[in-house]
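Numbering (the working numbering), first residue to last: 80 to 560. Since the structure comes first, as structure tokens, the remarks are kept for the end.
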């Protein structure tokens with residue numbers, strides 16, 4: 080068997096990020112995904128140019144189309160955010176089918192105009208655990224029936240605009256207590272979560288797997304588990320869409336041999352592997368799978384079927400953007416800014432909050448390292464424009480260190496503003512609030528940007544904004560004027 084030809088087939092089953100701009104032209108990959116790191120210094124027109132550049136160059140070299148993808152969920156997960164081309168709200172904010180359709184359609188229009196052809200959206204997990212560190216307001220709800228109700232029109236919105244959609248994280252990540260970017264979560268299968276996927280399979284262009292072990296099935300992450308992935312066919316018919324792995328460089332898979340991850344994923348049912356990071360790792364993946372094919376010739380037929388399936392999937396997309404779609408974008412942009420209800424929730428005396436907020440105060444921003452890396456923490460700092468801002472990294476929240484800091488810096492006359500960015504309910508944070516109160520702090524104001532999961536907290540004022548994109552920050556700014 081010709082190894083060069085095998086490598087071409089194997090690479091078509093791999094989606095990569097762009098570490099080196101020349102590497103993507105070395106093999107006919109399935110395509111690429113762009114992240115904040117790729118777009119942070121680009122204007123919207125430059126994003127368009129970047130996508131068109133790769134599309135044209137790729138076709139000239141390989142005579143193939145490619146996936147130009149992004150994670151642009153909105154609210155708390157977005158890779159660009161411009162006034163004319165905004166990040167939409169979190170799925171959690173949506174409460175009716177009409178808005179669900181319109182928001183996905185609007186988001187899809189923006190992505191079409193930007194030159195993308197696939198969005199890794201929607202999140203179909205049911206956020207049944209409020210301490211889940213990775214799903215939260217990315218989900219439609221903690222209520223299975225609401226998720227089921229809103230997911231179909233959301234998918235339809237992408238369908239109408241012609242953006243390929245991807246439901247994630249199969250068969251459900253909502254009940255976990257661990258972030259699979261950092262470690263391997265274990266749970267049991269939630270039949271309701273599974274049913275959300277099964278109910279939408281006729282409309283989903285693709286699904287993405289969860290790096291989660293379902294202990295009642297086997298001891299493997301879903302991405303590597305044939306038993307778990309076969310659940311996608313449990314409604315009595317074969318799923319014909321594409322199955323993506325989640326990123327294979329996530330720490331959930333760190334205890335598994337890379338060769339085993341690659342081969343078992345493909346054997347279990349994955350069609351396209353997300354191999355992100357250094358180009359050496361991508362090259363290694365291609366070589367490992369190619370060598371395995373040479374030593375296991377029967378595996379070649381498996382890969383060839385996937386290769387043909389992937390090509391059909393990519394060629395399904397139509398790149399033409401007609402005037403009617405652009406007119407719809409203008410209409411929906413006006414609706415989004417002027418009519419859509421962002422469901423901002425106020426608990427307490429707004430007038431008193433504004434008075435205290437604009438006085439001298441201590442300000443704490445609670446966020447994880449990732450939100451700091453992608454610039455969200457700096458945005459919040461600039462936005463609140465306060466001289467005393469203390470950043471608390473939730474990745475290593477030391478309540479004893481924080482308590483010592485409070486002893487040294489606070490007195491009973493202080494107003495304390497807490498800006499809480501994580502999307503989950505944290506028990507240490509609740510203890511922190513109780514400590515503030517025992518120290519006699521008179522005014523404790525809590526502003527959560529993506530977290531409606533705290534109830535009955537001992538605070539004087541609570542404001543839920545449900546996102547930290549520009550539109551959410553602007554809504555907050557208007558409130559405190």
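Heads up, the beta-carbon is just placed ideally off N, CA and C, and yes, glycines get one too.
Exposed unless 16 or more other CB atoms sit within 10 angstroms - verdict on residue i
i: residue 402; result: exposed
i: residue 416; result: exposed
i: residue 272; result: buried
i: residue 266; result: buried
i: residue 540; result: buried
i: residue 543; result: buried
i: residue 252; result: buried
i: residue 450; result: buried
i: residue 410; result: exposed
i: residue 359; result: exposed
i: residue 184; result: buried
i: residue 133; result: buried
Nearest residue (CA-CA) to residue i, options the options
i: residue 394; options: 80, 162, 281, 110; result: 110
i: residue 324; options: 104, 315, 318, 308; result: 308
i: residue 431; options: 524, 544, 157, 519; result: 524
i: residue 208; options: 379, 374, 384, 531; result: 531
i: residue 335; options: 298, 356, 438; result: 298
i: residue 441; options: 427, 191, 521, 545; result: 521
i: residue 328; options: 436, 121, 338, 319; result: 338
i: residue 246; options: 221, 313, 222, 217; result: 217
i: residue 500; options: 156, 112, 313, 437; result: 156
i: residue 182; options: 239, 158, 318, 295; result: 239
i: residue 435; options: 187, 560, 102; result: 560
i: residue 454; options: 104, 102, 116, 230; result: 116
i: residue 407; options: 149, 231, 186; result: 186
As assigned by DSSP and simplified to three states, the class of residue i
i: residue 446; result: strand
i: residue 308; result: helix
i: residue 454; result: coil
i: residue 187; result: helix
i: residue 501; result: coil
i: residue 220; result: coil
i: residue 249; result: strand
i: residue 291; result: coil
i: residue 285; result: strand
i: residue 316; result: coil
i: residue 266; result: strand
i: residue 232; result: helix
i: residue 544; result: coil
i: residue 389; result: helix
i: residue 83; result: helix
i: residue 106; result: coil
i: residue 395; result: coil
Chain D contact for residue i (CB, 8 Å cutoff)
i: residue 478; result: Looking at the structure shown, chain D is missing, and only one protein chain is on hand.
| Just checking, does the stretch 222-235 make contact with the stretch 203-214 on the three C-beta pairs under 8 Å criterion? | yes
| Stretch-stretch touch, CB-based, cutoff 8 Å, three pairs: the stretch 499-507 with the stretch 442-453 | Taking a contact to require three or more Cβ pairs closer than 8 Å, the stretch 499-507 and the stretch 442-453 qualify as touching.
| Are the stretch 480-491 and the stretch 186-196 touching by the rule of at least three beta carbon pairs closer than 8 Å? | no
| Are there three or more Cβ pairs, one per stretch, closer than 8 Å when the stretch 178-186 is compared with the stretch 156-163? | no
| message | Check whether the stretch 254-262 and the stretch 279-298 touch, using three or more Cβ-Cβ pairs below 8 Å as the test. | response | yes
| Are the stretch 135-150 and the stretch 526-546 in contact at 8 Å, needing three or more beta carbon pairs? | no
| Which runs of the alpha helix (DSSP H), 4 residues or longer, sit entirely within the stretch 460-533? | Fully enclosed alpha helix (DSSP H) runs of 4 or longer: 478-488, 506-517.
| Runs of beta strand (DSSP E) wholly within the stretch 138-178 (minimum 3 residues, chain order) | 146-149
| field | Meets three-Cβ-pair contact criterion under 8 Å: the stretch 348-362 and the stretch 80-93 | value | yes
| request: Let me know the alpha helix (DSSP H) ranges lying completely inside the stretch 324-349, each 4 residues or longer, listed in chain order. | output: Listed in chain order, they are 337-347.
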